Amino acid sequence: MFYREAGQFKTSYASDEAVFPIRQDKIGIIVILLVAFVAIPLFGNGFLLQAVMIPFLIYTLATIGLNLLTGYTGLLSLGTGAFMGVGAYACYKLATVFPEVNILVWILASGFVAAAVGVFFGLPSLRIKGFYLAIATLAAQFFLQWCFVRIPWLVNYNISNAIEVPTRTLFGIAVVGPTASPQVRYLIVLTIVVVMTWIASNIVRGRIGRMWMAVRDMDIAAELMGIRLLPTKLLAFAVSSFYCGVAGAMMVFLWYGGAEADTFNINQSFFVLSMVIIGGLGSLLGSYLGAALIFILPILLRLVPAELGMPLHPATAEHLSFIIVGALIILFLIVEPHGLARLWQLAKQKLRVWPYPY
Amino acid sequence: MRAPSGAGIAAGDVLLAVEGVSLAFGGVKAITGVSFDIRKGEIRAIIGPNGAGKTSMLNVINGFYHPQAGRITFKGTTRKAMRPHAAAAGGIARTFQNVALFKSMTTLDNIMAARALKMHKSFFWQIFRYGPALREEVEHRKTVEEIIDFLEIEHIRRIPVGKLPYGLQKRVELGRALAMEPDLLLLDEPMAGMNLEEKEDMSRFVIDVNNQYGTTIALIEHDMGVVMDLSDRVVVLDHGCKIADGTPNEVKKDQAVIDAYLGIAH
Amino acid sequence: MRGEATTTYTDTFPKLLLMNAAQRGHRPAMREKDLGIWQAWTWEQVLDEVRAFALGLKELGLARDDKVAIVGNNRPRLYWSMCAAQSVGAVPVPVYQDSVADEMAYVLAHAGVKIAVVENQEQVDKLLSISERLPELAYIIYDEARGLRDYDHTRLKSFADVQKIGRALDPRSSALWWQDSISKGKGADLCVILYTSGTTGRPKGVMLTYDNVIRSSRNANAYDKLDENEEVIAYLPMAWVGDHIFSYAQSYCSGYCVNCPETPETIIEDRREIGTTYAFAPPRIYENLLTLTMVRMEDASAIKRKVFHYFMRVARRWGEKILNKERVPLYARFLYWLGNIVVYAPLKNRYGFSRVRVAYTAGEAIGPEIFRYYRALGINLKQLYGQTEASVYVTAQPDGEIFADSVGKPNYEVEVKIDDKGEVLYRSPGVFTGYYKDPDKTAETKTPDGWVRSGDAGFFDPKSGHLKIIDRAKDVGRLKDGTLFAPKYIENKLKFYPNIREAVALGDKRDFVSVMLNIDPVAVGSWAERNNVTFGSYQELAAHPKVYDMLAAHVDEVNRSLSEEGPMAGAQIRRFLILHKELDADDGELTRTMKVRRGFIVERYGPLAAGLYDGSKEVDASTEVTFEDGRKGAISGRVKIRDMRVYPSATAQAPVGKAA
Amino acid sequence: MSLLYKIFFTPFVQMAAAPDLLVQTLWEGLVAGVLYALIALGFVLIFKASGVFNFAQGIMVVFGALTLVGLYDLLTQYGLSIPAVAAFVALGLTIAVMFLLAFGVELMILRPLVNQPDIILFMATFGLTYFLIGLGELVFGGNPKIMISEQLYLPRGAVDLKMLGGFVSLQKIDIAAAIIASIMVAGLAVFFSKTRIGRALRAVADSHKAALAVGISLEQIWVIVWFTSGLVALVTGIMWGARSEVSFALQIIALRALPVLILGGFTSIPGAIVGGLIIGIGEKLGEFYWGPLLGSGIESWLAYFIALAFLLFRPQGLFGEKIIERV
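Residue numbers (the numbering used here), protein chains in the order written: chain A, 3 to 360; chain B, 82 to 347; chain C, -19 to 640; chain D, 57 to 383.
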């Protein structure tokens, strides 16, 4: 009902294919960005930034990464956690071997290492499909996790056998490490995530995105149209892993401030996968919504009772949140198998045709 | 949409020739020693009873199946077997017996996807969707819109094809094939399961494609009426063997063909 | 109130084009939804296109005063070819694209068309099929090449090729020649020939000069304060004078942008995308939109339906008042404001009327319900009365003076008078010079001193001073005492009551007016249930005294309103009866388009008709009927007749309205 | 050079040098393989009948074992003094629970999600996993438990066979596991080939209509199948539990069993069995003889690499036929 599109007409393909062709959407996104970049850092407290926003954004990026692979290209992967790990460890090595180069450069660069590894483990997709491939990606998960544990070189032979994030600065401001303020880290994470989301949307709306989706929907037809399957799939693995890698690096350097091999265990993979599914396969918006629901929900489950003055035993709360999240996942799948993104789509459609029902 | 590159082949010359092609799955023989040719600019029909190996033949021509024996000559180069990518790049496009569209993509994206081979701007530009990438995108969008206009499917431009009625899906699929600007267009039962009106539309489009863009067309069709109207020459397969080849009228009179359709065993 | 028309002005469309290109060269002049987006042409680009095509035409041998036929849906190139033809002194003749070959053959032959500019293969085929009957037709020029590839191109050219010819000429000399040819044109020249789609007999070619068209267009622009910022959508037949004025003349005069839809099917979406500011349509368009809305809302969720209907009630109660800037209570304003957010604005958005400033309905009478609906939404929908012979504008409703049943006041520079037979005559700078090659018909319609017979009967409403059209002049009769009797007008008034399905008014050459009524079984039936009136059959219901009382009340109201309408006051209803059977097309009582066949009914129900005038209280009638299964049968019964009181004429006979 | 030597020569020398060790390793591999086979069987049953890739199989193993132990504790607390009785009552109850679980799954997940894409159903079972973890821990607590082996009369200790100039020590529990597992498999085989329901189940794998023709509703079949694989899970749980301890760490072994599926195919019961053995044995040999080269713990991924390597040569898996793609 708030969509008043009369008089919004397109006189060029460029404007017709803009990210937000409808004026009302443009306004909306601008408002959101203002809130994210200005309001939250100004008024948000440490907890909000450190325990909610930063992890939410990082998971969003990982979810986008997995979505590019599973949602857009139809290749189910259970190795997300490991690819995030690759990013984290790569970033750590690079940052410690070349301390003079700015850390942010390395955070992004680590994505390329992850991409390379991703491509390698994507090779089986030449021969196998579907759940067989999914299981193959578990190979990556377990092997890489094993490497994190067994190769002390990765952590510079720390006795703790864990990553310890050093303090690094940008223009004299500490951006990573113990002394970096949540505000600074939040803004960095936000910037990276927003930019990479924009890039992702460019990719999926363009030739490459269409090739991915073609392969997903009907690989035979795609092949007979001259789309080479293996390179297309491998590219998907590369880009996806890049995103996961960067997410992993940020997770360690801008959120935890340290990590050991177990941080990137299989549960991490499933966690992200559930975000993709709940958010909606093949939707960037969905990646945000999914991450929000799956990550923020447990937090609420922990906070709300406490606020109500009946604090649960942490363990109990933990178990409860497991039960509820599990139930919710099933519920959502039943209500809307195409995820939150689809729900939003439907709602938006309703608003556009209001007061008509269709 | 510009006229396809003739590759130095004049109208009337042989564009594609299959010689002694045989194909078998395990023990099952699908095609045995079939030879025929397709001349540039003609509409060539491949007919025959069910299980005659018609679709397999198309699959051989665009490299989806690799025959055990025989040669395929396309645009003067002879191969033992085509490769899908080579075939597509060489200008062979096709539609499928039971529509093989990208169901969750819109009509527009389906047809745009077929331009993949013709779009070359680097990944670098792609990620910014700016400069060359955007220009390329727009220029191809224009071509695609011309096809949409040509097939009169403007109104379903933004609808996911999975939601479309069968007849329209067939039309979109034709559009997708056209977007490859093929020299040789393979249509696998383009009118299967259509009502009379839809059939007439589709026939009109096939003819228009053929004379507007001079595209060579090979089609499989069961509706004899349609075949007789559309095609310049007909090749008849039965149980994987060629039993007749010639103009519609010659074929119609051919005894072997009549028997085959009456189901008399050989 | 004088229009700006007396001031000196650019007097031909080619000159206007030059002017627009000079004054607002970079503003959009035309758009067309093509290949998925709105392709736009600025005035400068249009100028270039037109010039190229005009020169091409000249090279094809088009000379001054030659005729150029324009056939097809609204496409920019077809509009350009009109101006191009005019620029070389030729006369465009737009033809209805849906007319059958034979009809077209007549028009083209009658006009002596030399070149035809057509939209596509369909039209080309049509013309080729009749080409032997058109010896003068030298070339057919088509816009859309689709399917025409293998046609013999000796007499066939594509629009683009003709432009190529034009562009190939030496730019300087050809430009000079063109300038010169344009400056040769003057206001008195023949501008266009519009063939009125002949409901009776052959179509007549209405000749309009530049002065006609341009002056009435300018006046119309002034009347509604239209300027270069308007957006209109061109979707009505180009051969219809309405479209010619609205999508061509007024645009050239004020410099606003004309938008052509992608296909006739996508018109609603296209209108929404553009968001027209000035709309012009026959009633059925508005009817269809309304029906669509109602159908859609039926499928909506219960809550939504409730909300919708609630706020529609609010709108009906207050909407028009607010639109007419009357004083309304604050709470009403608030409710309307709320409704606007929830229902009205979204609806207008769906219609593509969000930005509309002026919307006209014309051509025929619009149902008051429909009319009020749009007014209530806050859309400035107005009625106008126009004719091809007048370059459309005769009268129109000024802002704030809107009535469902009037067609408004004379436009600038238009004089209107009612002759003693009640027929409407008008005179204005817009009136046509004559029918092409048909002096007799011209003489019939146009008096020596320039008055044009509209063929419609009407009168000026004494209260509002608005013109009201009551009927076709030939259908208007007289009572014995000579007072005006317009059956359709009275019948329509009665039929606005939901309880009355049909009405047949008698009175021509009789002492007084009386009517036969047909109740609406659904409406009256439900009324009966609500007021526990029991009945077994339609006949019983129709004969029920309470029903009679109710309809009597309606008739009484009609009488009162008639009494207030000057010349109509004499034609109040003295007696009425309710027919014992439903009027039915199967019995030949209605036409297939559900119009009453008055004459037939009167003789079929002879006894009843007689009864109405011989003063009897009730009459026995027996009528043969045809049942669904085709069997014949007879319905007989006793039909009561009611006498009605008449009101004294509220006003003296209205003076012949001279508003100019 | 020396590396190749280490890889392609040394291990075999070691094998030849100490055949008893080799046998020992093979035996352990065999036992592990049997249990893998059991888990894989659970997957296959469900995938065949309801086309669901049941990610929750692993957690069902844990859940079964946990329930059994938990119920046993409760029973003994509330009066049932005779351990054996309590144990078997608990076992009975657990089976009942597994049935309820199957029933619930059919009602809450399969029925509403029928005809949804595979990945959706997969995700649903994933939600189920979360749910069961939470529930299990909430009810029985998160800390590891001891399987009630002797109460169930499961043997303990080991028999040492003197052979090949050395000792091969076989844990009795392993022998029991092997035997029970074999019985289980045989039982299922009979159930599938002989009984009416069993045939119906096989029919479902081919087409749902066929199943209806046999006169059993899809819903019933799903319940049965999930119950069956629930039992399989329970047995597996008891075995693993008896060998180590009952904790959520167990679910990881379900993931270990996945390569078996790649190897054997999602729909082949013999595939699951043979695949299980291959993986089990391969894993143990690899770890024992080649593991030291890479440092320990390689069994966490070795199985996958074996399976993948195998797949590259035979994409259709052990017993699958070659697929002809049609368009």
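Heads up, the beta-carbon is just placed ideally off N, CA and C, and yes, glycines get one too.
Computed from a predicted model, the values in this text were never measured in an experiment.
Item to complete: Please confirm if M82(B) has its CB atom under 8 Å from at least one CB of chain A.
Response: Here the model assigns M82(B) a pLDDT of 45, short of 50, so the residue's position is not dependable, and the following value carries that caveat. No, M82(B) does not count as interfacial toward chain A.
Worksheet item: Hey, quick one: how far does the beta strand (DSSP E) through L51(A) stretch, first residue to last?
Response: Counting along the chain, L51(A) falls outside any beta strand (DSSP E), and DSSP gives it neither H nor E.
Fill in: Nearest to A240(A) (by Cα), restricted to the options G120(A), F145(A) and G250(A)
G120(A)
Worksheet item: Going along chain B, which residues have a C-beta under 9 Å from N204(A)?
Response: Q207, I208, F209, R210, Y211 and A214
Worksheet item: Which residue comes first and which comes last in the beta strand (DSSP E) that contains W18(C)?
Response: I17 to T22
Worksheet item: Counting pairs of Cβ atoms below 8 Å between the stretch 163 to 183 of chain B and the stretch 170 to 179 of chain A, do you hit three or more?
Response: no
Worksheet entry | Short-range partners of chain B found in the stretch 7 to 28 of chain C, where Cβ spacing is below 7 Å | L15 and G16
Worksheet item: Is I189(D) near F324(A), with beta carbons less than 8 Å apart?
Response: yes
Worksheet item: Which residues mark the beginning and the end of the alpha helix (DSSP H) in which F155(B) is found?
Response: No alpha helix (DSSP H) holds F155(B); the beta strand (DSSP E) holding it covers A150 to F155.
Worksheet item: By the 10 Å Cβ neighbour count, where 16 or more other Cβ atoms means buried, how is M253(A) classified, buried or exposed?
Response: buried
Discussion item. Which residues of the stretch 227 to 255 of chain C have a Cβ closer than 7 Å to any Cβ of chain B? Give them in chain order.
Written reply: E242, T243, E245 and T246
Worksheet item: Between the stretch 16 to 26 of chain C and the stretch -3 to 4 of chain C, are three or more C-beta pairs nearer than 8 Å?
Response: yes
Worksheet item: Of all the CB atoms in chain B, is at least one closer than 8 Å to the CB of L(-4)(C)?
Response: no
Worksheet entry | Backbone secondary structure at F366(D) - three-state DSSP | helix
Worksheet entry | Same chain, Cβ closer than 8 Å to G388(C), neighbours up to 5 away in sequence not counted | K362, Q363, L364, Y365, T375, A376, Q377, P378, E381, H446 and L447
Worksheet item: Where do the ends of the beta strand (DSSP E) carrying T189(C) lie?
Response: K184 to T189
Item to complete: Under 7 Å Cβ to Cβ from A632(C), same chain only, skipping five residues before and after it: list those, please.
Response: Low confidence applies to A632(C): its pLDDT is 47, below 50, so where it sits in the model is not reliable enough to give any reading.
Worksheet item: For G297(D), which three-state DSSP category applies?
Response: helix
Practice prompt. Determine the closest residue to Q70(D) out of Y186(D), L131(D), F247(D) and P348(D), with distance taken between C-alpha atoms.
Written response: P348(D)
Practice prompt. May I ask you to list the residues that DSSP assigns as paired with D451(C)?
Written response: A437(C)
Worksheet item: Under three-state DSSP, which class holds L318(B)?
Response: strand
Worksheet item: Cα-Cα, which of D600(C), R622(C) and R625(C) is closest to A614(C)?
Response: D600(C)
Worksheet entry | Outcome for K62(D) when other beta-carbon atoms lying within 10 angstroms are tallied against a minimum of 16 | exposed
Discussion item. Quick check on the burial criterion: 16 or more other C-beta atoms within 10 angstroms. Buried or exposed for K460(C)?
Written reply: exposed
Worksheet entry | Secondary structure of A342(C), DSSP reduced to three states | coil
Worksheet item: Taking Cβ-Cβ distances below 7 Å as the criterion, which residues of the stretch 213 to 234 of chain A are in contact with chain B?
Response: M213, M215, A216, D219, M220, I222, A223, E225, L226, M227, G228, I229 and R230
Discussion item. Less than 8 Å between CB atoms is the rule here; does D18(A) satisfy it with respect to chain C?
Written reply: yes
Practice prompt. Return the first residue and the last residue of the alpha helix (DSSP H) that V107(A) is part of.
Written response: I105 to G124
Worksheet item: Is the Cβ-Cβ distance between V48(C) and E99(C) less than 8 Å?
Response: no
Item to complete: Assign V327(A) to buried or exposed, taking buried as 16 or more other Cβ atoms, counted over all protein chains shown, within 10 Å of its Cβ.
Response: buried
Worksheet item: So, helix, strand or coil for F607(C), using DSSP?
Response: coil
Worksheet entry | Backbone CA spacing between A313(D) and L97(D) [nearest angstrom] | 10 Å
Worksheet entry | Coarse secondary structure for M71(D), derived from DSSP in three states | helix
Discussion item. I'd like to know if D279(C) contacts chain A, where contact means its C-beta is closer than 8 Å to some C-beta of that chain.
Written reply: yes
Worksheet item: Does DSSP put F260(C) in a helix, in a strand, or in coil?
Response: strand
Worksheet item: Checking contacts by CB at 8 Å: is D623(C) closer than that to chain B?
Response: no
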